[in-house]
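There are 2 protein chains.
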Amino acid sequence: MTAHIGNHRQMLGSRGPCLTAVLRMAGLRPTRQRLALADLLYGGGHRHVSAEALHAEATTDGVTVSLATVYNTLRQFKDAGLLREVTVDAARTYFDTNTSDHHHFFIEDEDRVVDIPTNDIEISGLPDAPKGMKITHVDVVVRVKSLS
Amino acid sequence: MTAHIGNHRQMLGSRGPCLTAVLRMAGLRPTRQRLALADLLYGGGHRHVSAEALHAEATTDGVTVSLATVYNTLRQFKDAGLLREVTVDAARTYFDTNTSDHHHFFIEDEDRVVDIPTNDIEISGLPDAPKGMKITHVDVVVRVKSLS
DNA sequence: ATGCCTGCAAAATATTTGCATGTAA
DNA sequence: TTACATGCAAATATTTTGCAGGCAT
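Just so you know, the protein sequences line up as chains E and L, in that order.
Just so it is clear: in the first sequence, position 147 is 147 by this note's numbering, and no numbers are missing.
Convert by adding 1000 to the 1-based position in the second sequence; the result is the number in this note's numbering.
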């Protein structure tokens, strides 16, 4: 059950043996690669990464991991509720380490995703889901570009 | 200037020589392929299509057009302001013939985009764009799935 | 005639998968 | 030991591009 795991996301903020526990709880073996990636993802504040970017970072850090494993790991983390997928650009998939409800800026010039720093966004006038459907998530993406 | 062209989008609702005029106004030669695609896109009500789907439709209708040309045409139409790109699914790009301000349902089970049928959505508490940036567009995507 | 279009195939990108090898339990 | 993970390369999928020939003006 991902809800239970989600409650332990806070543990991810710190380094160390803690990551091992979280991975276990998610049903994922704490392998060298997964631990290294989790450390990159959760070692600091919240982040938005693409598979390509995370792989480059790991490589720079001297962590040996294949791009395919990065993709697989990101998907596993997402399925476990440890990451959230953000769809802003058709060409690339971004993952957000912040799984709580919030929205995003997408900086068009830089292909970069940033959290919208307030929680004050309210959406009113949302219609009901079409018959027989339920709403799973509401995404607000504010596209911005530099003042040319 | 796309603003000017945009004012003529209404002309696209009807078939006939009108499409020729609109394409001309957009700086696009009214070729057989473009006219056929424009007719599919604007011949009825508003639609959401992917390149693949539009190509299949054209082929079924006996219109000979290559997939590459469909991609190119969709991009040209978008650049001319005749279509709007909707990013909801990382795997596929959708184009919306409705270029006015509105938002979308994304039906996850079917990979389908639907306009949200009201104009009543209001978003409050939107922060300013980051320094030196301006907001180009706000997208609201309501993801729905069937009640399992 | 001239320059923009089209189709085809090939390239470019992003992501997934099959399989042999390696490793956690 | 046994099941699950990893790495590599190849497969897939989507979209773009180069180029030779075609069509609109």
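Where a beta carbon is used, it is the ideal one built from N, C-alpha and C, also for glycine.
Fair warning: this is a prediction, and the values are worked out from it, not measured in the lab.
Quiz item: With DSSP run on the structure shown, which of helix, strand or coil describes Lys1131 of chain L?
Solution: As a position in the second sequence, residue 1131 of chain L is number 131, starting the count at 1. The answer is coil: DSSP assigns Lys1131 of chain L none of H, G, I, E or B.
Practice problem: Closer than 7 Å, Cβ to Cβ, to anything on chain L: give me those residues from the segment 127–143 of chain E, in chain order. | Solution: Answer in chain order: Pro127, Ala129, Pro130, Gly132, Met133, Lys134, Ile135, Thr136, His137, Val138, Asp139, Val140, Val141, Val142, Arg143.
Quiz item: Just reading off the beta strand (DSSP E) that Val88 of chain E is part of, what are its end residues?
Solution: The count along the first sequence starts at 1 and reaches residue 88 of chain E at position 88. 84–89 is the extent of the beta strand (DSSP E) around Val88 of chain E.
Practice problem: Taking only beta-carbon positions, decide if Asp89 of chain E is within less than 8 Å of chain L. | Solution: Translated into the one-based positions of the first sequence, residue 89 of chain E becomes position 89. Yes, Asp89 of chain E counts as interfacial toward chain L.
Practice problem: Note down, in chain order, every chain L residue with its Cβ under 8 Å from the Cβ of Lys145 of chain E. | Solution: Taking the first sequence and counting its residues from 1, the one referred to as residue 145 of chain E is at position 145. Met1133, Lys1134, Thr1136, listed in chain order.
Self-check item: Contact list for Phe105 of chain E against chain L, beta-carbon separation under 7 Å
Solution: Locating residue 105 of chain E in the first sequence gives position 105, where the first residue counts as 1. Ordered by position in chain L, the residues that pass the 7 Å Cβ test against Phe105 of chain E are Pro1130.
Quiz item: Where does the unbroken beta strand (DSSP E) through Arg92 of chain E begin, and where does it stop?
Solution: The count along the first sequence starts at 1 and reaches residue 92 of chain E at position 92. Per DSSP, Arg92 of chain E belongs to the beta strand (DSSP E) from 92–96.
Quiz item: If Phe95 of chain E and Leu74 of chain E are in contact, beta carbons under 8 Å, what's the gap, nearest whole angstrom?
Solution: Translated into the one-based positions of the first sequence, residue 95 of chain E becomes position 95. Translated into the one-based positions of the first sequence, residue 74 of chain E becomes position 74. Going by Cβ atoms, the distance from Phe95 of chain E to Leu74 of chain E rounds to 5 Å, so yes, they are a contact pair.
Exercise. Indicate the three-state DSSP secondary structure (helix, strand or coil) for Asp1109 of chain L in the structure shown.
Key: Here residue 1109 of chain L refers to the residue found at position 109 when the second sequence is read from its first residue. Coil, per DSSP.
Quiz item: In three-state DSSP terms, what is Thr118 of chain E?
Solution: Within the first sequence, residue 118 of chain E is the residue found at index 118, counting from 1. DSSP, read as helix, strand or coil, puts Thr118 of chain E in coil.
Exercise. Output the boundary residues of the alpha helix (DSSP H) element that contains Thr1069 of chain L.
Key: Your numbering for residue 1069 of chain L matches position 69 in the second sequence. Taken as a continuous stretch (DSSP letters only), the alpha helix (DSSP H) holding Thr1069 of chain L covers 1067–1079.
Practice problem: Kindly give me the distance between the Cβ atoms of Ile123 of chain E and Val1140 of chain L, rounded to whole angstroms, as I take these residues to be in contact under 8 Å. | Solution: Taking the first sequence and counting its residues from 1, the one referred to as residue 123 of chain E is at position 123. Taking the second sequence and counting its residues from 1, the one referred to as residue 1140 of chain L is at position 140. In this structure Ile123 of chain E touches Val1140 of chain L by the C-beta definition: roughly 7 Å separates them, less than 8 Å.
Quiz item: Between Lys1134 of chain L and the rest of its own chain, which residues show a CB-CB distance below 8 Å, the 5 nearest in sequence each way excluded?
Solution: Counting from one through the second sequence, the residue named residue 1134 of chain L turns up at place 134. Cβ neighbours of Lys1134 of chain L beyond the five flanking positions: none.
Self-check item: Per DSSP, cross-strand counterpart(s) of Ser1124 of chain L
Solution: Looking up residue 1124 of chain L in the second sequence gives position 124. Ser1124 of chain L is bridged to E:Glu122.
Practice problem: Keeping to the same chain, check which residues put their C-beta closer than 6 Å to that of Val1065 of chain L; ignore five residues upstream and five downstream. | Solution: Indexing the second sequence from 1 puts residue 1065 of chain L at position 65. Excluding residues within five positions, the ones whose Cβ falls inside 6 Å are Gln1033, Ala1058.
Practice problem: Under 6 Å Cβ to Cβ from Val114 of chain E, same chain only, skipping five residues before and after it: list those, please. | Solution: Translated into the one-based positions of the first sequence, residue 114 of chain E becomes position 114. Cβ within range, chain order: Phe105.
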